[in-house]
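Asks:
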Amino acid sequence: MSNNDYIIDVKDLTKKFGTFTAVDHITFSVKRGEIFGFLGANGAGKTTAMRMLCGLSYPTSGSGTVAGFDVTKEGEKIKRHIGYMSQRFSLYEDLTVMENMELFGGIYGVKSKDLKERASDLLEKLNFVEERDTMVGSLPLGWKQKLAFAVATLHRPEIVFLDEPTGGVDPITRRQFWEMIYQASSEGTTIFVTTHYMDEAEYCHRVSMMVDGQIKALDTPANLKKQYNAASIDEMFRILARGAKRGD
Amino acid sequence: MNTSTLAIKVSGISKSYGSVKALDNISLDVRRGEIFGLIGPDGAGKTTLFKILVTLLNADSGLAQVDGLDVQKDYKKIRSRVGYMPGKFSLYPDLTIRENMEFFASLFGVTVEQNYDLVAPIYSQIEKFSNRRAGRLSGGMKQKLALSCALIHKPSVLFLDEPTTGVDAVSRSEFWDMLFNLKEQGLSILVSTPYMDEASRCDRIALINNGHVLDIDTPQNMVDNYDAPLYGVKCDNMYEMLKKLRKVESIANCYTTGEYHHIVASKEFDVERLIQDLTDNGLKNIELKAVIPDIEDVFIKLLSNEQQ
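First to last, the sequence lines map onto chains Y and D. Residue numbering for the first sequence follows our numbering, beginning at 81 and increasing consecutively. Residue numbering for the second sequence follows our numbering, beginning at 18 and increasing consecutively.
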């Protein structure tokens with residue numbers, strides 16, 4: 081494990097599918113403990129980039145590390161050292177809350193004694209104690225998403241990747257979810273998050289904006305607004321995304 | 018109001034799945050030629066209401082009419098008069114763009130050419146890919162094709178169930194421009210969305226949660242009727258500040274909202290004192306201002322009132 085300040089540090093990361101360059105020489109770093117917002121229009125290349133950062137696919141060219149491991153050849157190690165949560169696949173619906181925790185904890189190699197402790201801590205923190213034996217499928221979406229976040233951090237990863245974690249969640253639960261993110265970040269966990277809610281981009285320490293496979297802007301929300309003379313990140317997003325040549 | 022001026026009339030509709038009440042005594046009217054928004058999170062009951070109105074599902078109780086026709090008695094007639102774009106992509110992935118269009122047109126006994134004018138503003142954007150299979154289209158193109166297919170038989174009432182979910186901010190705003198165009202041509206539109214910022218594009222909206230209506234009005238009236246002082250506050254450590262704000266008694270509610278946290282104040286709230294308090298707690302660069310609520314503030318207030 082490297083001790084440098086950056087949990088993600090990649091240079092010229094590129095992914096081609098045939099003649100199509102999905103991700104085109106992206107270079108950026110994410111500091112430990114940072115909440116990093118990864119924005120982009122549909123088709124900009126966010127998902128492809130994220131897959132490379134999570135060790136799910138190898139770049140066509142470029143170099144770099146995630147959690148201290150080489151993105152060009154240590155995919156398996158990266159997978160074991162990160163947390164990942166997406167809107168689509170989060171938990172097993174026909175397992176109970178506790179069974180999901182045991183399953184994912186087990187997959188990530190959390191010792192059973194630690195797992196019991198962490199699971200009961202999390203249940204308490206989430207106010208889920210009474211739902212311990214409830215099937216996940218019967219929980220409201222917002223609860224599932226909060227639980228999914230907790231499960232993704234059971235093995236105490238240094239960084240968690242969240243792919244549109246709050247899509248369709250009600251406004252109150254959406255905010256509770258972000259408070260969990262704030263808390264995890266204040267305890268030192270790095271958060272890498274994509275979202276279509278532009279207000280959420282404002283909660284990030286820094287955000288990047290992908291257009292046509294490239295990172296066109298990267299800074300704190302305040303600096304980006306200044307740079308693009310935009311009243312909000314939403315406005316900045318529109319200014320940059322309208323310049324996109326590809327996509328829908 | 019005379020029923021004939023209504024595109025949709027819902028009175029006292031309830032529907033349960035086992036012990037889960039998906040819709041609990043819902044009533045609302047959609048006037049002809051208006052864009053009516055059903056705004057609420059996943060699980061609010063939006064899709065169930067759509068399915069009842071397009072005659073794919075029977076309600077347990079209550080009455081509903083579409084285009085002046087009863088959804089149970091006249092379901093066959095209704096089906097030819099409504100266009101329905103379900104939340105899940107429901108076209109044939111193995112058919113091309115053109116084949117999907119022709120298929121849906123033929124189901125309703127029309128041809129693509131006959132009603133081309135109505136779909137042209139949308140369909141022309143994807144027509145150059147007309148030989149591409151629907152399953153191989155990007156999200157935005159699928160959305161445009163689904164809307165074209167829902168329109169090809171020239172329906173009088175259009176039902177769009179979360180057409181913009183998962184779509185980026187720019188494409189979402191373009192989609193709303195298309196809807197406005199259709200409204201101009203006389204269509205009545207019922208559209209659902211989990212994105213509160215889209216509410217302002219509707220003539221009227223219903224905020225719904227857990228199967229019932231929290232409020233129905235124009236977006237502007239809802240905002241105008243917000244009855245508590247609302248402030249926005251930011252500083253150098255937003256999470257610390259949020260925890261502090263939660264402990265202040267004269268604050269009825271506070272929550273994150275982009276750059277600022279919003280504070281719903283009670284009568285005893287004192288701006289100067291709060292700034293002093295926060296400063297004493299070591300927070301820097303504090304900026305506090307009165308803000309105008311938006312629909313999300315309204316929704317949060319209604320939800321909080323309900324949860325108390």
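Note that CB positions come from ideal geometry on N, CA and C, so glycine has one too.
List, in chain order, every chain D residue whose beta-carbon is nearer than 8 angstroms to that of L221 (chain Y).
Replies: P58, D59 and G60
Asks: Excluding the 5 residues flanking D59 (chain D) on each side, which residues of the same chain have their C-beta closer than 7 angstroms to its C-beta?
Replies: P211
Asks: Which residue wins for smallest C-alpha separation from P237 (chain Y), given the options Y:V103, Y:F184, Y:A129 and Y:N303?
Replies: Y:F184
Asks: Within 8 angstroms, do at least three Cβ pairs link the stretch 123-142 of chain D to the stretch 63-70 of chain D?
Replies: no
Asks: Is it true that the stretch 238-247 of chain Y meets the stretch 40-54 of chain D, where meeting means three or more beta-carbon pairs spaced less than 8 angstroms apart?
Replies: no
Asks: Is P110 (chain D) buried or exposed, if buried means 16 or more other CB atoms sit within 10 Å of its CB?
Replies: By the Cβ neighbour-count rule, P110 (chain D) is exposed, with fewer than 16 other Cβ atoms within 10 Å of its own.
Asks: Can you find at least 3 beta carbon pairs, one from the stretch 219-237 of chain D and one from the stretch 293-300 of chain D, that sit closer than 8 angstroms?
Replies: no
Asks: Are the stretch 85-98 of chain D and the stretch 234-241 of chain D touching, with three or more C-beta to C-beta distances below 8 angstroms?
Replies: no
Asks: At a CB-CB cut-off below 8 angstroms, which residues of chain Y make contact with G152 (chain D)?
Replies: Simply none; closest approach about 16 angstroms.
Asks: Within 10 Å of its beta-carbon, does R254 (chain Y) have 16 or more other beta-carbons around it, so buried, or fewer, so exposed?
Replies: buried
Asks: Between D194 (chain D) and the rest of its own chain, which residues show a CB-CB distance below 8 angstroms, the 5 nearest in sequence each way excluded?
Replies: Scanning its chain for C-beta atoms nearer than 8 angstroms, with the 5 sequence neighbours on each side dropped, one finds no residue around D194 (chain D).
Asks: Would the stretch 109-116 of chain Y count as touching the stretch 267-275 of chain Y if we require 3 or more Cβ pairs under 8 angstroms?
Replies: yes
Asks: Could you tell me whether any Cβ in chain Y is nearer than 8 angstroms to the Cβ of A186 (chain D)?
Replies: yes
Asks: On the DSSP bridge list, what partners appear for T235 (chain D)?
Replies: T235 (chain D) is not bridged to any residue.
Asks: If you compare alpha carbons, which of D:F176, D:T65 and D:S267 is closest to G100 (chain D)?
Replies: D:F176
Asks: If you count every other CB in all the chains shown that lies within 10 Å of the CB of T128 (chain Y), and 16 or more means buried, which is it?
Replies: Looking at its Cβ environment, which holds 16 or more other Cβ atoms inside 10 Å, T128 (chain Y) is buried.
Asks: Please confirm whether Y272 (chain D) has its beta-carbon closer than 8 angstroms to some beta-carbon of chain Y.
Replies: Yes, Y272 (chain D) lies at the interface with chain Y (some Cβ there is under 8 angstroms from its Cβ).
Asks: Quick check on the DSSP output: the beta strand (DSSP E) that includes K296 (chain Y) runs from which residue to which?
Replies: Q294 to D299
Asks: Going by the beta-carbon positions, is the gap between D314 (chain D) and H278 (chain D) smaller than 8 angstroms?
Replies: no
Asks: Using the three-state DSSP reduction, which class does L295 (chain D) fall into: helix, strand or coil?
Replies: helix
Asks: With DSSP collapsed to three states, give me the class of G79 (chain D).
Replies: strand
Asks: Would you call the CB atoms of V273 (chain Y) and F118 (chain Y) closer than 8 angstroms?
Replies: yes
Asks: Could you name the residues of the same chain whose beta carbon sits closer than 8 angstroms to that of K153 (chain Y), not counting the 5 residues immediately before and after it, in chain order?
Replies: Y138
Asks: Looking only at its own chain, which residues have a Cβ that is under 7 angstroms from the Cβ of D74 (chain Y), when we skip the five neighbours before and after it?
Replies: Outside the modelled stretch of chain Y, which goes from 81 to 328, sits residue 74 (chain Y), for which no answer is possible.
Asks: Can you find a C-beta in chain Y that's less than 8 angstroms from the C-beta of N226 (chain D)?
Replies: Yes - at least one Cβ of chain Y is within 8 angstroms of the one on N226 (chain D).
Asks: Would DSSP call E114 (chain Y) helix, strand or coil?
Replies: DSSP places E114 (chain Y) outside both helix and strand once states are collapsed to three, so it counts as coil.
Asks: Taking a contact to mean a Cβ-Cβ separation below 8 angstroms, would you say V47 (chain D) touches A81 (chain D) in this structure?
Replies: no
Asks: So if DSSP puts F108 (chain Y) in a beta bridge, which residue, or which two residues, is it bridged to?
Replies: Y:V90
Asks: Using the C-alpha atoms, what's the distance from M132 (chain Y) back to I162 (chain Y)?
Replies: 13 angstroms
Asks: Checking contacts by CB at 8 angstroms: is H390 (chain Y) closer than that to chain D?
Replies: One cannot answer for residue 390 (chain Y) here, as it falls past the ends of chain Y, which runs 81 to 328.
Asks: Who pairs with T274 (chain D) in a beta bridge, going by DSSP?
Replies: D:Y277
Asks: Which ranges does the alpha helix (DSSP H) cover as unbroken runs of at least 4 residues, wholly within the stretch 129-186 of chain D, from first to last along the chain?
Replies: 133-140 and 156-168
Asks: For E285 (chain D), decide whether its Cβ has a neighbour in chain Y, counting only Cβ atoms nearer than 8 angstroms.
Replies: no
Asks: Can you give me the Cβ contacts of L262 (chain D) inside the same chain, cut-off strictly under 7 angstroms, excluding the 5 residues immediately before and after it?
Replies: I268, C271, H278 and I280
Asks: Between Y:V177, Y:V209 and Y:G120, which has its C-alpha nearest K296 (chain Y)'s C-alpha?
Replies: Y:G120
Asks: For my contact list, G249 (chain D) and E282 (chain Y) are in at a C-beta cut-off of 8 angstroms; report their separation, rounded to the angstrom.
Replies: Contact flag wrong, Cβ pair sits at about 12 angstroms.
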